[in-house]
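A short write-up of the structure that comes next.
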Amino acid sequence: MLSLSTVELRSSTAAKAQEEARANARVALMMAIGELQKYAGPDQRVTAEADILSSAGFYKNNRSEGRKHYLGIYSTEEWHERDSNGLRKAWKTYDETRNRDAFMRWLVSGDSEDRNSLGFATETVAEDQSIELVGSGTVGENSASDRIRVPYDAVTDAQGKVSGRMAWWVGDQGVKARLDLADLRRDTSQKEWTNRRERVNPVQMGMASVEGFENIGIDPENEEQQEELQRILSYSQSGFFNGGALALDTLKERYHDVTTLSRGVLADVALGGLKRDLSLPFELPNLTADSGSSDWIYNLNGSDVPQERESGFAKIQEFNNSGDQRSQWVSQEYDGTERWPNGFRPDWWGKKVGYVYSYPGNSGSDVQGNKQYLRGANWDMLRNHYRMYKREYEQLGSSDPTRQGVRNPSDDRTWLVRSYDPPSPHTGSKGQTPLTLTAVGEFGPGAANASPSKSLLDPYYTYGFAASRGIRHWNDREVSSLGLVPIMTRLTLVIGTYGEDTDDNGDIDRMQFTVDAVGTLWNPYNVPIEVESVFSDIKLEGLAMNAKLEGEGWEIDLPFNSLRLGVTEEKDPNYPFASSPPSQLIRLEPGELRTYSLNYPEPKDYFAGSGGKVPGSFVNNNWTGGLFGRYSRRTVPAGKQVEFECTPNTNTVWLQNYIGYFHTAKGQFMNPFMRGDFHDLPQFSGMVVKDASSIGTPIKKKITVPEGADKKMALMTIDFKLRSSGETLSGNSIAREFDPRAIVNHVKAAGQSGKGDVPANWDVSIESISDYDQVQIGIGSGGRNNGFWGPSHEGDGETHVIYYEIPDAPIASIGGLQHAQTSPAAWDQPYAIGGSSAPQKLNRNQIFRTQTESAGFENVYYDDAYLLNSALWDRYYFTGLTFSDTNVDESNALPLAEEIMAEFLDPQKENPLGNRRLSLSGGQSSPPIEELTHYRWIARHLMLDGAFNVNSTRVEAWKAWLSSLKGADVDRVNPVNGRLTKDSNSNTPFSRSVVAGGKEGEDWRGYNTLSDSQIQKLAENIVEEVKKRGPFLSVADFVNRRISSDETGKEGALQAALRASSLNLGSGVEEGIPGTIRQGDVLAGLGASIAARSDTFIVRAYGDSLTATGEVRARAWCEAVLQRIPTPVDDNGKLLDMPNPEFPGNNPGGTDAYVENAEAPLAAKDFGRQFRVISFRWLAKDEV
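Here the sequence shown stands for residues 79 to 1262, where the numbers follow the working numbering.
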């Protein structure tokens, strides 16, 4: 009995000790959860492991090896606050104290004050003062460096004696690669769209690239296997997947690299609040103007209540709230009648404008007394680029006033050319002043264009001020669409002469001066484009050309001050253009350059009515044709010579390019080569040299005039050339510095070239010649009369250069917007969204400056990419909600959206969302359909599976992220005929366009693939950049360069890692050209899955019970998985931010459109969004 009692007593004592140990472990767990909620609950937080601390980084010290997996919390609030001038710290020069100031706390047990110090993570872990919470049972016997010990906290009894210990550690799951992302519920109804979506939103990460996971064998096409992936409930269960493809030891070794848990809240870490979906607003229809009203006014929807959600894009306040408004001008023809028929109004007419960003970087006030600020692209530009896949313009009937009678394209893979909208920047009673002239504040009425910076810095210079004066001068930031047009890469004019002896007396008595033209049109897109005709309006007032008889004879000025030259697809110079439109459209295949000439059998009289206004054709120039201006009674006696001279002067030279429609908006026939005004002939680009005196040295020569057109003599060339990479100035890469699509090409828009007012992205030259054979025009072989560009305008150039993508499927990621043209001006870089290279016109520690140039005018230079990235990457995302129905209007848009989201909620149906990583948050079992169809509220119910934290320092995790597209097929267009094919790959492809323009390795149009070894090196270099620059305080902070004078100010972390990895960036002037790889290409494919914080954490907790002498009586370990969800703490059904009731529409540059919601729960203001325990278990000792 005594023996039995002793056993029972011991058992009772042991049980009590174990109970105490478990109680201490539970307390430790609760303390960890409490700190996690307090410090990581708010949106404006980023998370990073202590491994990010390095001697190369902000702290200048390396973390301790034993503490590298401690979780650090950083606040972004101060970095995104505005100063008294409205400037955010994020827009200012980088301060090395930034991340020190942002640091809040390490989330591990231990002394509370110590954990507030960054230095805590650099100290050595004392074994006798710490507890091991991640040991060999978790990371294996061979991973000693990955074990984790944390300081313990003593537990005292009522008498103040130490009776036990407790410890806890929070493990970040977002810095790991997620293994169990199942690719189920594929939408097969739009197979082509699905293929495109998988190239930009891959569901699964490249787990086979993780060391030890090479044989995991995940097959996205194997539905049974995908269902098995979905059934994995914990990391340890992964070992059973695919018949045990992963060894238990391998899983342990990769514990800090791989997870089955990570999910992310769709929240804005920069400004706070939930992210906004762009898919739904961009899919919603626009408003239709009231054609019966001369002053159309509509109100923006300021409500933030889901039940009052808007069914049309134009009324959504967030995207249209600047206070500026597009033209309400009704243009008139020469006869005084309205240009548009029957009260028709284009879709841009009178619409309100909202800007993607507003930067208050300039001092001074605009004409209305408001503070000047820089405006970025407007939301309509991005929306209309997104909607290109709908082919709305192509689906209009040819009788629609917008189409102006143009026939339908050849096939459903061909897009029609269209210009920027609104097409007219100046509204006098008649006529048009093109955007290329007014946007730089250089031309037009002087009083209205006094300062060249007005178009950028004064938003109300245009509407509120100008409308009251009865005129409308251009605001180049209000263009709703920048069009889809070919690019004139070169136009060469050849001035020549010959004489006629009309009375057969041996003397020339009629002088003929001729102009031949050879132009090259380029389709820079990855789709075929078609257009009726294209013509150029050429002004040569800055080139004084004259001729005189030697001695005391006659003197004349040549007649070519103003020319209109163009091209159609017709080859017959006798085609009746005066009465009939061309029988076929000009067709430019993807990337194709075609060269045309005025190839008539003999010169035509340019000034003799319709006969001379015949366009050119795509044939080689044999120099028999051209145009002439006749001078009778200009006798050249036998033996006499004529003195020819061309002197550049201070007048203007320009090249303005237009779409040549053969019908007015009313449907009346017109010959665009004869039309006197430009109302129905929209401009699409132009190059302006206001002062031509520096174009070249004067040409002076004496000539013996030949008799007869067949003997005409060449005198000189005037050459307009868009600089190729072989001609770029100062070694600048053409793909980094200038957008070839630029509408405005002017020294104020592109900077100076060293040739006076010639813009830096163009070259204009004159040259004396005596023979047409001296004219060097590169023409390719074959029947298409292909020209050259890229590396050269000559034969060593390319006949097909694919620079840009036209989306043929809905864009489903912010990175997918990299091809959107965000400015009409040449000073803005191509591929701005997702790009990070510092503009050459700025110092690295600047994103904005004004500069008074040597010519006396003021230029505005700014980093458009930096500001766009800052505005977009953290605030917005794409769900991929798409209307496949083409007949969507305000009456049925929301019901259609509700049908789509109902399908999303039904697990038995295919997932209709383009981003299949999105899943229900679980915060509400049956989310209200009104909230699921509101662009702001939908994120309250969604989460991003496998959200990857860019502050990760795990090379293997980065490898998995980078390899997400490994083995993916690449859709490729044949640039010769526009047909689509697929390329299979065993490596990881990255392409400038979702539909690539060429084969792998083809510069100027192809794509790249990265081998496993290249992925390895790139991942290593990314981690180096993360340690050098991190933690990133937003996704945009990762995408962008720093505003800093050092190397980090040159480009973003990802671009720097690509460079350090010696991948195919292109070199020198060809860096970043299509066919090379740049960070935007990586982000376009993978950027939808990244975040700057983690929302899923494993908490390990420990407790023990001690004897009076300090010996351990019992131990307990437990583990919980904590998931942050979109639901706020003490949720009352309100969003945490709201529209700013004091937002000044007339001066939004220094004010936030959204502010903290006064009606949100008070607890949420301090603790943010809820953390929920989604699993809990007790651990055995050998599991630790």
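All residues carry an ideal CB built from backbone N, CA and C; glycine is no exception.
None of these values were measured; they are calculated from a predicted model.
Quiz prompt | Local conformation of threonine 200 per DSSP, three classes | solution = Along the sequence shown, read from residue 1 onward, the residue named residue 200 stands at position 122. Reduced to three states, the DSSP call for threonine 200 is helix.
Quiz item: Based on the DSSP secondary-structure assignment, which residues constitute the bridge partners of valine 431?
Solution: As a first step, residue 431 must be located in the sequence shown, where it is residue number 353. DSSP, once it has assigned bridges, lists no residue as partnering valine 431.
Self-check item: Identity of the residue in Arg801, Gln237 and Asn364 nearest aspartate 425 by Cα
Solution: Translated into positions along the sequence shown, residue 425 becomes position 347. The residue with the shortest Cα to Cα distance from aspartate 425 is Asn364.
Quiz item: Between which two residues does the alpha helix (DSSP H) harbouring glycine 215 extend?
Solution: On the sequence shown, residue 215 is found 137 positions in, with the first residue counted as 1. Segment 214-217, the alpha helix (DSSP H) holding glycine 215.
Exercise. Measure the alpha-carbon distance for valine 766 versus glycine 707 and round it to whole angstroms.
Key: For the purposes of this step, residue 766 is taken as the residue at position 688 of the sequence shown. For the purposes of this step, residue 707 is taken as the residue at position 629 of the sequence shown. About 25 Å.
Quiz prompt | Backbone secondary structure at tyrosine 230 - three-state DSSP | solution = Here residue 230 corresponds to residue number 152 of the sequence shown, with the count starting at 1. Three-state DSSP puts tyrosine 230 in coil, outside helix and strand.
Practice problem: Go ahead and pull the three-state DSSP assignment for valine 1301. | Solution: Since the first and last residues shown for the chain are 79 and 1262, residue 1301 lies out of range.
Exercise. Might you give, ordered along the chain, the residues of its own chain that have their beta carbon closer than 7 Å to the beta carbon of glutamine 719, omitting 5 neighbours on each side?
Key: Along the sequence shown, read from residue 1 onward, the residue named residue 719 stands at position 641. Closer than 7 Å at the Cβ level, and outside the excluded window around glutamine 719, lie Glu628, Lys780, Ile781 and Thr782.
Quiz item: What is the DSSP secondary structure of valine 1207, counted as helix, strand or coil?
Solution: One-based indexing of the sequence shown puts residue 1207 at position 1129. Valine 1207: coil per DSSP, three-state reduction.
Exercise. Compute the beta-carbon to beta-carbon distance between arginine 243 and glycine 144, rounded to the nearest angstrom, for a pair I have assumed lies under 8 Å.
Key: As a first step, residue 243 is located in the sequence shown; it is residue number 165 there, counting from the start. As a first step, residue 144 is located in the sequence shown; it is residue number 66 there, counting from the start. Their Cβ separation, rounded to whole angstroms, is 18 Å, which puts arginine 243 and glycine 144 out of contact at 8 Å.
Quiz item: Once you ignore the five residues that flank isoleucine 773 on each side, which residues in its own chain have a CB closer than 8 Å to its CB?
Solution: Here residue 773 is taken as the residue at index 695 of the sequence shown, counted from 1. Hits under 8 Å: Gly620, Leu621, Pro726, Val731, Val767, Lys833, Gly834, Val836, Val842, Ser843 and Ile844.
Quiz item: The alpha helix (DSSP H) with isoleucine 1100 in it runs from where to where?
Solution: Within the sequence shown, the letter at position 1022 stands for residue 1100. That run of the alpha helix (DSSP H) goes 1090-1107.
Exercise. Keeping to the same chain, check which residues put their C-beta closer than 7 Å to that of isoleucine 925; ignore five residues upstream and five downstream.
Key: The residue given as residue 925 occupies position 847 in the sequence shown. Excluding sequence neighbours, isoleucine 925 sits near Trp169, Tyr940, Asp941, Tyr944, Leu945 and Ile1121.
Exercise. Pick out whichever of Gln746, Thr567 and Asn698 has its Cα sitting closest to the Cα of tryptophan 840.
Key: Locating residue 840 in the sequence shown gives position 762, counting from the first residue. Comparing Cα-Cα distances from tryptophan 840 to each of Gln746, Thr567 and Asn698, the minimum goes to Thr567.
Quiz item: Among Ala1074, Pro1005 and Ile1155, which one has its Cα closest to the Cα of glycine 913?
Solution: Against the sequence shown, residue 913 aligns to sequence position 835. Taking only the C-alpha atoms, the option nearest glycine 913 is Ile1155.
Self-check item: Beta bridge counterpart(s) of aspartate 594 as assigned by DSSP
Solution: Within the sequence shown, residue 594 is the residue found at index 516, counting from 1. Paired residues: Val572.
Quiz item: When the Cα atoms are used, what is the spatial distance from serine 710 to arginine 642?
Solution: Position 632 of the sequence shown, counted from the first residue, corresponds to residue 710. Position 564 of the sequence shown, counted from the first residue, corresponds to residue 642. The straight-line gap from Cα to Cα measures roughly 23 Å.
Quiz item: Quick one: Cα of glutamate 630 to Cα of glutamate 578, how far?
Solution: As a working note, residue 630 is residue 552 in the sequence shown. As a working note, residue 578 is residue 500 in the sequence shown. In a straight line, the C-alpha of glutamate 630 is about 21 Å away from that of glutamate 578.
Practice problem: Within 10 angstroms of the Cβ of aspartate 788, are there 16 or more other Cβ atoms? Answer buried if so, exposed if not. | Solution: Locating residue 788 in the sequence shown gives position 710, where the first residue counts as 1. Exposed, because fewer than 16 other Cβ atoms sit within 10 Å of the Cβ of aspartate 788.
Practice problem: For glutamine 308, count neighbouring Cβ atoms within 10 angstroms of its own Cβ and tell me buried if that reaches 16, exposed if not. | Solution: Counting from one through the sequence shown, the residue named residue 308 turns up at place 230. Flag for glutamine 308 reads exposed.
Quiz item: Just how far apart, CA to CA, sit lysine 254 and tyrosine 433?
Solution: Counting from 1 along the sequence shown, the entry for residue 254 is found at position 176. Counting from 1 along the sequence shown, the entry for residue 433 is found at position 355. Whole-angstrom Cα-Cα distance: 36 Å.
Exercise. Might you give, ordered along the chain, the residues of its own chain that have their beta carbon closer than 6 Å to the beta carbon of glycine 215, omitting 5 neighbours on each side?
Key: Taking the sequence shown and counting its residues from 1, the one referred to as residue 215 is at position 137. Cβ neighbours of glycine 215 beyond the five flanking positions: Asp1260, Glu1261 and Val1262.
Exercise. Could you have a look at phenylalanine 866 and say whether DSSP puts it in helix, strand or coil?
Key: Along the sequence shown, read from residue 1 onward, the residue named residue 866 stands at position 788. Three-state DSSP puts phenylalanine 866 in coil, outside helix and strand.
Quiz prompt | Proximity below 9 Å, CB of proline 419 to CB of alanine 910 | solution = If you number the sequence shown from 1, residue 419 lands on position 341. If you number the sequence shown from 1, residue 910 lands on position 832. Not in contact: proline 419 and alanine 910 (Cβ atoms no closer than 9 Å).
Quiz prompt | Straight-line Cα distance separating serine 1069 from proline 280 | solution = As a position in the sequence shown, residue 280 is number 202, starting the count at 1. As a position in the sequence shown, residue 1069 is number 991, starting the count at 1. Cα to Cα, proline 280 sits roughly 14 Å from serine 1069.
Quiz prompt | Cβ-heavy atom distance, arginine 243 to the ligand COA, below 8 Å | solution = Among the components modelled here there is no ligand, and therefore nothing to report on the ligand COA.
Exercise. Report yes if the CB atom of glycine 1181 is closer than 9 Å to the CB atom of alanine 345, and no otherwise.
Key: As a position in the sequence shown, residue 1181 is number 1103, starting the count at 1. As a position in the sequence shown, residue 345 is number 267, starting the count at 1. No. Outside cutoff.
Quiz prompt | Assumed close pair leucine 571, valine 593 - CB separation to whole angstroms, cut-off 8 Å | solution = Taking the first residue of the sequence shown as position 1, residue 571 is located at position 493. Taking the first residue of the sequence shown as position 1, residue 593 is located at position 515. Correct: roughly 6 Å between the Cβ atoms.
Self-check item: Element boundaries [alpha helix (DSSP H), containing methionine 1268]
Solution: With the chain covering 79 to 1262 only, the question about residue 1268 has no answer from this structure.
Quiz prompt | Boundaries of the alpha helix (DSSP H) in which alanine 792 is found, first to last residue | solution = Within the sequence shown, residue 792 is the residue found at index 714, counting from 1. First-last for alanine 792: 791-800, but that is the beta strand (DSSP E), not the alpha helix (DSSP H).
Quiz item: Residues bridged to aspartate 1215 by DSSP?
Solution: Walking along the sequence shown from the start, residue 1215 turns up at place 1137. DSSP lists Glu1234 as partners of aspartate 1215.
Quiz prompt | Proximal residues to alanine 828 (C-beta, below 7 Å), its chain only, five neighbours per side dropped | solution = As a first step, residue 828 is located in the sequence shown; it is residue number 750 there, counting from the start. Excluding positions up to five away in sequence, the list reads Phe816, Pro837, Ala838, Asn839, Ala904 and Trp905.
Quiz item: Going by the CB atoms, is the gap between proline 602 and proline 651 shorter than 9 Å?
Solution: In the sequence shown, residue 651 corresponds to position 573, counting from 1. In the sequence shown, residue 602 corresponds to position 524, counting from 1. Contact: no.
Quiz item: Considering only C-alpha positions, which residue in the set Gly1144, Thr575 and Val1033 is nearest to valine 336?
Solution: Residue mapping note: residue 336 aligns to position 258 of the sequence shown, counting from 1. Checked all of Gly1144, Thr575 and Val1033; the closest Cα to valine 336 is Val1033.
Practice problem: Below 8 Å on the Cβ atoms is my guess for serine 611 versus proline 693; work out the distance and round it to an integer in Å. | Solution: Here the question's residue 611 lines up with position 533 in the sequence shown. Here the question's residue 693 lines up with position 615 in the sequence shown. So it is a contact: roughly 6 Å between Cβ atoms.
Quiz item: Grouping DSSP H, G and I as helix and E and B as strand, with all else coil, what is serine 223?
Solution: Within the sequence shown, residue 223 is the residue found at index 145, counting from 1. Reduced to three states, the DSSP call for serine 223 is helix.
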